[in-house]
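Engineer:
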Amino acid sequence: RRAQLQMFIFAEKSVRGSITNIEKQVENTGFLHVFPNKGGLLCTFTMSGTKLAFLSCHLTAHEGVKHCKQRNDSIIEILGGARTMDSRFDVSEQSHHMFWMGDMNYRTTYSTVVPKSKSTKSISPSSTPSPKEEIPTSVDDVDLQDDDDSDDDKSDCVDDRSEQMLSTYKMIQEEDWNTILDHDELNREIREERVLNGFTALQPQFPPTFKRVRNVGIPLSNSLAAGNGRKWNLNSTDEVQTFYDKKRIPSFTDRVLFKSMSIYAANLSNDFFNSCEDVDSSDHKPVIAGFTIQLNQPAEDNIKVYNGLIQKDKGNKKMSPSDITSSSLMKKKYTLELVLSDLKGFNLAEMDSQMFGGGSDPFIV
-3 RRAQLQMFIF
7 AEKSVRGSIT
17 NIEKQVENTG
27 FLHVFPNKGG
37 LLCTFTMSGT
47 KLAFLSCHLT
57 AHEGVKHCKQ
67 RNDSIIEILG
77 GARTMDSRFD
87 VSEQSHHMFW
97 MGDMNYRTTY
107 STVVPKSKST
117 KSISPSSTPS
127 PKEEIPTSVD
137 DVDLQDDDDS
147 DDDKSDCVDD
157 RSEQMLSTYK
167 MIQEEDWNTI
177 LDHDELNREI
187 REERVLNGFT
197 ALQPQFPPTF
207 KRVRNVGIPL
217 SNSLAAGNGR
227 KWNLNSTDEV
237 QTFYDKKRIP
247 SFTDRVLFKS
257 MSIYAANLSN
267 DFFNSCEDVD
277 SSDHKPVIAG
287 FTIQLNQPAE
297 DNIKVYNGLI
307 QKDKGNKKMS
317 PSDITSSSLM
327 KKKYTLELVL
337 SDLKGFNLAE
347 MDSQMFGGGS
357 DPFIV
């Protein structure tokens, strides 16, 4: 817990003994990188040989490309500062499965303006801003409020905002979630590889969770069983507007994402992703997701070494070290995957020039 940021992880007593190596870290991304109203909370642990990571975040609010860029930078800062296990690497590259959740504040946008480029911000494990990093000099430059009521950056917005609002209301009334998601900032930023590479964002199939009118929730349709396919009782765009604050375009700000090591991806499946319309105390609707994980068997439970011989725990068959190959270990998934990306090389020599006369492209060994 860090001020308003909180994350609770519960486990049944029956599995408590299988949970080890519990670690936690935090990274503040609020004013001067100190205020804890924005940032991320990380908890990692090992359960039956499976490394799991949970990260809850609250990112910069407001509409506009400037604020979208700030959200991207905050994610990079969180991954760089909140580190467990081996602190040389970010946690998403060390966990078998990682879950990212929270009020990420990415918006529905009809603007064609996007963050100019991938962030060049350092992801080294440090919570101290670089001297060259742009640091806000007044509270007018930062997001200190959590109610999202201040003015947005309108410089990148098209002129007819009211048309955008009405268009979004119509999509909600028609339950056309996929078209709304076509305008979703988070999906765009992941797709363009500006943030959260390798993560999968669950795609909402329910009304946008922000910015909602408090003390009310959209009711379920009584006619769903009749076969008309409508889940929500919204009969007109006028009715949709009664559930949303007109200061903001309705958006899927509250999200759940996951990432798995590629050879373990088949061990994780998403069971459901829903919103909680009956929670009406906030201008956000909470979301809830369920997953099923096939836990790894710890290597030490399957293969043990006795006096130079490798022996399976189950059965009496003994194997010599020559019987243990990389392919057999791959089948058992006792491997470490190292992914290198965005590599650049300059003036690399042709490594086969002396033996084969050259002609091949440079490569990295």
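Going by our numbering, the first residue of the sequence shown is number -3, and it counts up by one from there. For glycine and all other residues, C-beta sits at the position ideal for the given N, C-alpha and C.
For M94 versus V87, is the C-beta spacing smaller than 8 Å?
Structural biologist: yes
Engineer: Closer than 6 Å by C-beta to S247: which residues in its own chain qualify, once you throw out the five before and the five after it? Chain order, please.
Structural biologist: R103, T104, P204 and F206
Engineer: Please go through the same chain and pick out, in chain order, the residues whose beta-carbon is closer than 6 Å to the beta-carbon of K65, but skip the five residues on each side of it.
Structural biologist: P111
Engineer: Let me check one thing: in DSSP terms, what residues is L291 bridge-paired to?
Structural biologist: Answer by DSSP bridge pairing: none, since L291 is not bridged.
Engineer: Go ahead and pull the three-state DSSP assignment for A78.
Structural biologist: coil
Engineer: What separation, rounded to the nearest whole angstrom, lies between the Cα atoms of A197 and L336?
Structural biologist: 22 Å
Engineer: Short of 7 Å in beta carbon distance, which residues of its chain neighbour N101, apart from the five on each side in sequence? Order them along the chain.
Structural biologist: L55, T56, A57, R67 and T249
Engineer: Would you identify the three-state DSSP class for E171, choosing helix, strand or coil?
Structural biologist: coil
Engineer: Give me the DSSP bridge partner(s) of Q21.
Structural biologist: L38
Engineer: Are L192 and I214 close, meaning C-beta to C-beta below 8 Å?
Structural biologist: no
Engineer: Taking G26 as the reference, which of K242, E8, E19 and I71 has the closest Cα?
Structural biologist: Looking only at K242, E8, E19 and I71, the smallest Cα-Cα distance to G26 is reached by I71.
Engineer: Which first and last residues belong to the alpha helix (DSSP H) in which T233 is found?
Structural biologist: T233 to Q237
Engineer: Grab me the residues of M167's own chain with a C-beta within less than 7 Å of its C-beta, minus the 5 sequence neighbours each way, in chain order.
Structural biologist: T175 and I176
Engineer: Going by alpha carbons, who is nearest to K34 out of E185, V22, N183 and S265?
Structural biologist: V22
Engineer: Just to confirm the assignment, what range does the beta strand (DSSP E) spanning I270 have?
Structural biologist: A quick correction: the sequence has Asn, not Ile, at residue 270. L264 to S271 is the span of the beta strand (DSSP E), which, as asked, contains N270.
Engineer: Report the rounded CA-to-CA distance for G36 versus L162, giving the unit in angstroms.
Structural biologist: 34 Å
Engineer: DSSP state of L216, grouped into three classes?
Structural biologist: In the three-state reduction of the DSSP assignment, L216 falls in the strand class, which pools E and B.
Engineer: Please say whether D276 and V236 have beta carbons closer to each other than 8 Å?
Structural biologist: Their beta carbons are not under 8 Å apart, which means V236 does not touch D276 by this criterion.
Engineer: Should C39 and K20 be called a contact, given that it needs their Cβ atoms to be closer than 8 Å?
Structural biologist: yes
Engineer: Would R226 and S217 qualify as a contact pair, given that the criterion is a beta-carbon distance under 8 Å?
Structural biologist: yes
Engineer: Got a sec? Which residues, its chain only, sit under 6 Å from S368 by beta carbon, not counting five neighbours each side?
Structural biologist: Here the chain has residues from -3 to 361 only, and residue 368 is not among them.
Engineer: My guess is that K47 and S91 are in contact by the Cβ rule of under 8 Å, so how many angstroms apart are they, rounded?
Structural biologist: 5 Å
Engineer: Would you mind sorting N266 into buried or exposed? The rule is 16 or more other CB atoms within 10 Å of its CB.
Structural biologist: It is exposed - the Cβ of N266 has fewer than 16 other Cβ atoms within 10 Å.
Engineer: By Cβ distance below 8 Å, which residues in the same chain neighbour E188 in space, the five residues on each side in sequence not counted?
Structural biologist: Correct list, in chain order: V110.
Engineer: For V11, count neighbouring C-beta atoms within 10 Å of its own C-beta (all shown protein chains included) and say buried if the count is 16 or more, exposed if not.
Structural biologist: exposed
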